[in-house]
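Undergrad: Here the protein sequences come in this chain order: D and L.
Just so we're aligned, residue 14 is where the first sequence starts under the working numbering, counting upward by one.
Just so we're aligned, residue 14 is where the second sequence starts under the working numbering, counting upward by one.
Number of protein chains: 2
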Amino acid sequence: MTMSAPQVADRVDSPSLTEAIVQFVVDTPSEALPESARHMARLSLLDWIAVAVAGSDEPVSKIVRNMAMDDGGTPAATIFGEQARLPARAAAMVNGTASHALDYDDTNFVYLGHPSVAVIPAALAVAEKTGATVSDFIEAALIGMEVTSRIGAWLGQLHYEAGFHQTATSGTFGSTMAVARLLGLDRERAQHALGLATTRASGLKSQFGTMGKPFHAGMAAANAVEAATLASAGFVSNPQGLTCSQGFADTHGGQSTGHADVLQGLGTTYKLESVLHKFHACCHGTHAPIEALAKARASRDLDATDIDDVKITVHPRWLGVCNIPSPATGLEAKFSFRLTAAMALTGADTGALTTFDDASCTDTALLAVRDRVSVQTDTDLSDTAAQVHVRDRAGETIFAEHDLLTPMPRAERETRVRAKAAALLGNEVADSVWDAIGESAKPAGHWFTTLRH
Amino acid sequence: MTMSAPQVADRVDSPSLTEAIVQFVVDTPSEALPESARHMARLSLLDWIAVAVAGSDEPVSKIVRNMAMDDGGTPAATIFGEQARLPARAAAMVNGTASHALDYDDTNFVYLGHPSVAVIPAALAVAEKTGATVSDFIEAALIGMEVTSRIGAWLGQLHYEAGFHQTATSGTFGSTMAVARLLGLDRERAQHALGLATTRASGLKSQFGTMGKPFHAGMAAANAVEAATLASAGFVSNPQGLTCSQGFADTHGGQSTGHADVLQGLGTTYKLESVLHKFHACCHGTHAPIEALAKARASRDLDATDIDDVKITVHPRWLGVCNIPSPATGLEAKFSFRLTAAMALTGADTGALTTFDDASCTDTALLAVRDRVSVQTDTDLSDTAAQVHVRDRAGETIFAEHDLLTPMPRAERETRVRAKAAALLGNEVADSVWDAIGESAKPAGHWFTTLRH
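As structure tokens, then:
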């Protein structure tokens, strides 16, 4: 299935990262895109729709949506949260923001960013505007998320540590390429789009903890529609803006050389396949212990009333993040190792937002387990890993561990993403949306009708 | 006239640059704004309108305008180049781009940027949308250009040398403050607007020489409308995003301390008053010699046919920029010391775009003078200065010199800006627009009707 992919990985003396990326975007034939990557993109799409629907009532989503609706314009693309269609740029901004509002979307540790929330809203808005099929849209989104991950990995840890939010910056570049693919830009036009994106991209981590963070996803998506649309109309930029002297990498703490690594396997292997979906509607730090406890519970068909003592071991960096021992509110519950452990051991649906309500903090059955949980640390553990020891009343101890980076088999991932979508959308709607995503020849976005009845 | 200005300049222990700026923006009463600064703002507005009209047919202006018109939306603000009104964000982008398309707009060397092209389109679009008066709009624009210049001066040369285009970056901050003033935001909301602007602002000098440069002005103007509009609706940002750790200054090569200097005199003296308007439609490097030659010509009522020899002395940095000895096209003519000197000595209107046509390169009267001009360099000269020696056929030599940074008396500046507007718009329209700008109680933008008949 990879026979027709452009062999850019072989060009070790490649003169330009931009040229290699654009060649991949423009010239990769549909047949060369592996089914495993398409499947991952479809799962990320289902996940994205579910978190965007759930996030569309958040205050930041409403504020951005109201501005866009006040501006109005040619109805070209669907938005979440209102029965309205807006111009593609506006819809990309609204949907990007809504989908990152809960911070419940997917993550790629390859570049420390959230690929779907920038790329999917940009690609979907333009796909709806141009009448592209589901299949064409999925391909563009897949390619855009791949470019985001690869450029993000090249800009790297230094870029992130310098203060930039990769979801916004690399997200702009990858989503610009997704839109370029959908608009059918040639190599030259696609390079001008990318060059323009380098002078438009922005987003600072110093806005984390504010509405700025989810808005970054909307900015990236809107920037992408704008850059590719302008380039398609003849806009001339410096097409080497990513890598040139005082270009984006140079001015934003990234590396400006050494792109051979990040082009390795471009067109044949997909960094998209290392995307992680979030399966619990609480702080990422609690996810590894929840997974380990679920394994422990399943291994012995353990009943909550049989539990005598629970020890959770995590990397010490998490103690300052999510170790509220006796949370009092739903928000605090999301940052409590002990309470989320009790939820996991009693079989609560930690994928549902409603599980984390104020009442959960005073639920006697949960508190009975919570009060048997203690947290300890081990600097030898990765910060994506946890170990748990669960002792039952008979004195027997079950050990389990989990690392979020452990690859998940395709079937299991599908089951779990669909279960998350069901928790957020309801079983019936989640199933209908998943079926709609599979209807390749239909117009992209046709699943919105499913969401509306 | 300064009695009511907030005395932020006295707060040498000011805890926050942002707080001081926002206090100036929100709390400065109309009466505290000096007439000299208002006059400068009115001149910059006339200049801005003239260059925006002239620039609205440039390819970049059309490309951006077509995108905005394709998106459409609620008609709130007028655009140049088409009989159409668009949402304020869109109009700000279209008009910002058009006004910077010819690079013929004003400059403030205090921060190496072009203040009007970012601030005026943002303020004007929102003033039209909200029905603000000319007077309220001029105040907001004045305040926005002042903030742009001061934050720009604080970010400083290092920010510019790191690769950032101050017109785009500091321009976003000042225009956000102009819109905040027009929307009547309180201090808290205005700070959130500025915080949001810090994570939205972008613009790289590596796009100079492409359509990216004029588009930067449109980006800044649109960013400003967006940031202040979202903040007015309750958007929560990190309001210290300009100065905080990993905030804008920290991540963009700017200084993050030492803001006392830049607050000196805030509310009492206006850096806006050091704005330079461009009076010649050619490379900035040719402006000082043109001015000096005009003085030489006027001092003796010199006829072109009397000229025997002309020596121009400039800083050597200009030799690689605008010393095409025998230009062949209108564009090359703009980069020719010798031909522009001939234009100045024959009384051509170097303020008019049409003067720099292909025919000017073969005009026998011009060539007769051009061929008597030579260029020499002196490293002791400032790069904004020139000296000229003009020898007549009787053997007498006239010496004249000019430095662009020499302050220009108010009356002379008004005469010259109005002459430039007349060269670009025609005498009658230029006069009508200037009169319209003076009608303080009318709705902002009412001059567009004058431009349309």
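Where is the CB? At the ideal position from N, CA and C, for every residue including glycine.
Comparing the C-beta of glutamine 220 of chain D with each C-beta of chain L, is any distance below 7 angstroms?
TA: Taking the first residue of the first sequence as position 1, residue 220 of chain D is located at position 207. Yes, glutamine 220 of chain D lies at the interface with chain L (some Cβ there is under 7 angstroms from its Cβ).
Undergrad: Buried or exposed: which applies to aspartate 60 of chain L, given that a residue is buried once 16 or more other Cβ atoms fall within 10 Å of its Cβ?
TA: Taking the first residue of the second sequence as position 1, residue 60 of chain L is located at position 47. Result: buried.
Undergrad: Please list, in chain order, the residues of the region 73–105 of chain D that have any C-beta partner in chain L closer than 9 angstroms.
TA: Residues Val73, Lys75, Ile76, Val77, Asn79, Met80, Asp83, Asp84, Gly85, Gly86, Thr87, Ala89, Leu99, Pro100, Ala101, Arg102 and Ala103.
Undergrad: Let me see if you follow: with CB-CB separation under 7 angstroms, is asparagine 336 of chain L close to chain D or not?
TA: For this step, residue 336 of chain L is matched to residue 323 along the second sequence. Asparagine 336 of chain L does not count as touching chain D.
Undergrad: Note down, in chain order, each residue of its chain lying with its Cβ closer than 6 angstroms to the Cβ of valine 39 of chain D, except the 5 sequence neighbours on either side.
TA: Taking the first residue of the first sequence as 1, we reach residue 39 of chain D at position 26. Once the five neighbours on either side are set aside, the close Cβ partners of valine 39 of chain D are Arg200 and Ala203.
Undergrad: Report the three-state DSSP secondary structure of serine 387 of chain D (helix, strand or coil).
TA: Against the first sequence, residue 387 of chain D aligns to sequence position 374. Note: serine 387 of chain D maps to strand in three-state DSSP.
Undergrad: What's the gap between the Cα of threonine 392 of chain D and the Cα of histidine 328 of chain D?
TA: Locating residue 392 of chain D in the first sequence gives position 379, counting from the first residue. Locating residue 328 of chain D in the first sequence gives position 315, counting from the first residue. Using only the alpha carbons, I get a separation of about 5 angstroms.
Undergrad: Name, in chain order, the residues that DSSP records as bridge partners for histidine 402 of chain L.
TA: Indexing the second sequence from 1 puts residue 402 of chain L at position 389. In the DSSP output, where bridge partners are listed per residue, histidine 402 of chain L has L:Lys324 and L:Phe412.
Undergrad: Cβ closer than 9 angstroms: which chain D residues qualify as neighbours of arginine 202 of chain L?
TA: Within the second sequence, numbered from 1, the residue matching residue 202 of chain L stands at position 189. Correct list: empty, because the minimum Cβ distance to chain D is about 12 angstroms.
Undergrad: Just list the beta strand (DSSP E) runs in the region 292–380 of chain L, keeping only unbroken ones of 3 residues or longer that don't cross its boundaries, in chain order.
TA: Counting only runs of 3 or more, we get 320–327.
Undergrad: Which residues in the same chain as alanine 262 of chain D place their Cβ atom closer than 7 angstroms to its Cβ, once the five residues preceding and following it in sequence are excluded?
TA: For the purposes of this step, residue 262 of chain D is taken as the residue at position 249 of the first sequence. Excluding sequence neighbours, alanine 262 of chain D sits near Leu168, Leu255, Thr256, Gln268 and Ser269.
Undergrad: Do arginine 467 of chain D and valine 386 of chain D have their C-beta atoms closer together than 7 angstroms?
TA: In this structure chain D extends from 14 to 466, so residue 467 of chain D is not present and cannot be described.
Undergrad: Going by alpha carbons, who is nearest to alanine 230 of chain L out of L:Thr462, L:Arg102 and L:Arg406?
TA: Residue 230 of chain L sits at position 217 when you count from the first residue of the second sequence. The shortest C-alpha separation from alanine 230 of chain L is found at L:Arg102.
Undergrad: Quick check on this structure: which residue in L:Trp447, L:Thr463, L:Phe348 and L:Lys455 has the alpha carbon closest to the alpha carbon of alanine 54 of chain L?
TA: Position 41 of the second sequence, counted from the start, is the residue given in the question as residue 54 of chain L. Of the listed residues, the one whose Cα sits closest to alanine 54 of chain L is L:Trp447.
Undergrad: Spell out a yes or no on whether the region 282–291 of chain L and the region 179–198 of chain L are touching, meaning 3 or more CB-CB pairs, one atom from each, closer than 8 angstroms.
TA: Contact fails: fewer than three Cβ-Cβ distances are below 8 angstroms.
Undergrad: Under the three-state reduction of DSSP, which class applies to aspartate 448 of chain L: helix, strand or coil?
TA: For the purposes of this step, residue 448 of chain L is taken as residue 435 along the second sequence, with counting starting at 1. Helix.
Undergrad: Run the CB neighbour count on threonine 313 of chain L, radius 10 Å, all protein chains shown included, and call it buried at 16 or more, exposed below.
TA: By 1-based counting over the second sequence, the position of residue 313 of chain L is 300. The question names threonine, yet the displayed sequence has arginine at residue 313 of chain L. Exposed is the call here.
Undergrad: Give me the chain D residues within the contact set of glutamine 259 of chain L, using Cβ-Cβ distance strictly less than 7 angstroms, ordered along the chain.
TA: Counted from its first residue, the second sequence places residue 259 of chain L at position 246. Ordered by position in chain D, the residues that pass the 7 angstroms Cβ test against glutamine 259 of chain L are Gly176, Leu217, Lys218 and Ser219.
Undergrad: With H, G and I counted as helix, E and B as strand and the rest as coil, what does DSSP make of asparagine 121 of chain D?
TA: Against the first sequence, residue 121 of chain D aligns to sequence position 108. If DSSP states are grouped into helix, strand and coil, asparagine 121 of chain D belongs with the strands.
Undergrad: For the region 160–215 of chain L, which segments carrying the alpha helix (DSSP H) assignment without a break, of at least 4 residues, lie completely within its bounds, in sequence order?
TA: Entirely contained in the region 160–215 of chain L, the alpha helix (DSSP H) runs reaching 4 residues are, in chain order, 179–196 and 200–213.
Undergrad: Based on the DSSP output, what are the partners of arginine 98 of chain D in its beta bridges?
TA: As a first step, residue 98 of chain D must be located in the first sequence, where it is residue number 85. D:Thr91, per the DSSP bridge assignment.
Undergrad: I need the DSSP call for leucine 394 of chain L, collapsed to helix, strand or coil.
TA: In the second sequence, the residue the question calls residue 394 of chain L occupies position 381. Coil.
Undergrad: Could you tell me the distance, in whole angstroms, from the CA atom of aspartate 84 of chain D to the CA atom of isoleucine 303 of chain D?
TA: What you label residue 84 of chain D is simply residue 71 of the first sequence in a count that begins at 1. What you label residue 303 of chain D is simply residue 290 of the first sequence in a count that begins at 1. The alpha-carbon atoms of aspartate 84 of chain D and isoleucine 303 of chain D are separated by roughly 44 angstroms.
Undergrad: Using a Cβ-Cβ distance under 7 angstroms, would serine 69 of chain L count as near chain D?
TA: For the purposes of this step, residue 69 of chain L is taken as the residue at position 56 of the second sequence. It does not; no Cβ of chain D falls within 7 angstroms.
Undergrad: Less than 7 angstroms between the beta carbons of glycine 176 of chain L and leucine 115 of chain L, yes or no?
TA: Along the second sequence, one-based indexing puts residue 176 of chain L at 163. Along the second sequence, one-based indexing puts residue 115 of chain L at 102. Their beta carbons are not under 7 angstroms apart, which means glycine 176 of chain L does not touch leucine 115 of chain L by this criterion.
Undergrad: Could you pull the DSSP bridge partners for threonine 146 of chain L from this structure?
TA: Taking the second sequence and counting its residues from 1, the one referred to as residue 146 of chain L is at position 133. According to DSSP, which records beta bridges pairwise, threonine 146 of chain L is partnered with L:Pro456.
Undergrad: Is there at least one Cβ from chain L nearer than 7 angstroms to leucine 243 of chain D's Cβ?
TA: What you label residue 243 of chain D is simply residue 230 of the first sequence in a count that begins at 1. Judged by the 7 angstroms Cβ criterion, leucine 243 of chain D is in contact with chain L.
Undergrad: Nearest by alpha-carbon distance to alanine 240 of chain L: which of L:Ala136, L:Arg330 and L:Leu276 is it?
TA: Here residue 240 of chain L corresponds to residue number 227 of the second sequence, with the count starting at 1. Closest option to alanine 240 of chain L, Cα to Cα, is L:Ala136.
Undergrad: What residues in its chain sit with their C-beta under 6 angstroms from that of leucine 30 of chain D, if we drop five residues either side in the sequence?
TA: Here residue 30 of chain D is taken as the residue at index 17 of the first sequence, counted from 1. Contacts found: Thr256 and His272.
Undergrad: Among L:Ala301, L:Ser215 and L:Ala138, which has the Cα closest to the Cα of valine 107 of chain L?
TA: Locating residue 107 of chain L in the second sequence gives position 94, counting from the first residue. Considering only alpha carbons, the answer is L:Ala138.
Undergrad: Using a Cβ-Cβ cut-off of less than 7 angstroms, give me the residues of the region 111–140 of chain L that come near chain D, in sequence order.
TA: Within the region 111–140 of chain L, no residue qualifies.
Undergrad: Taking contact to mean at least 3 C-beta pairs separated by less than 8 angstroms, is the region 207–220 of chain L in contact with the region 243–254 of chain L?
TA: With the cut-off at 8 angstroms, the region 207–220 of chain L and the region 243–254 of chain L touch.
Undergrad: Nearest-angstrom Cα distance between threonine 91 of chain L and glycine 86 of chain D?
TA: Within the second sequence, numbered from 1, the residue matching residue 91 of chain L stands at position 78. Within the first sequence, numbered from 1, the residue matching residue 86 of chain D stands at position 73. The alpha-carbon atoms of threonine 91 of chain L and glycine 86 of chain D are separated by roughly 16 angstroms.
Undergrad: Give every residue of the same chain whose Cβ lies closer than 6 angstroms to the Cβ of phenylalanine 348 of chain D, excluding the five residues on either side of it in the sequence, and list them in chain order.
TA: Numbered from its first residue, the first sequence carries residue 348 of chain D at position 335. Only Cys296, Cys335 and Ile337 meet the Cβ criterion.
Undergrad: Kindly examine the ligand MG and report whether one of its heavy atoms sits closer than 6 angstroms to the Cβ of glycine 458 of chain L.
TA: The ligand MG is not part of the structure shown, which contains no ligands of any sort.
Undergrad: Below 7 angstroms on C-beta distance, what does glycine 225 of chain L contact in chain D?
TA: Mapped onto the second sequence, residue 225 of chain L falls at position 212. Simply Leu209, Thr212, Ser250 and Asn251.
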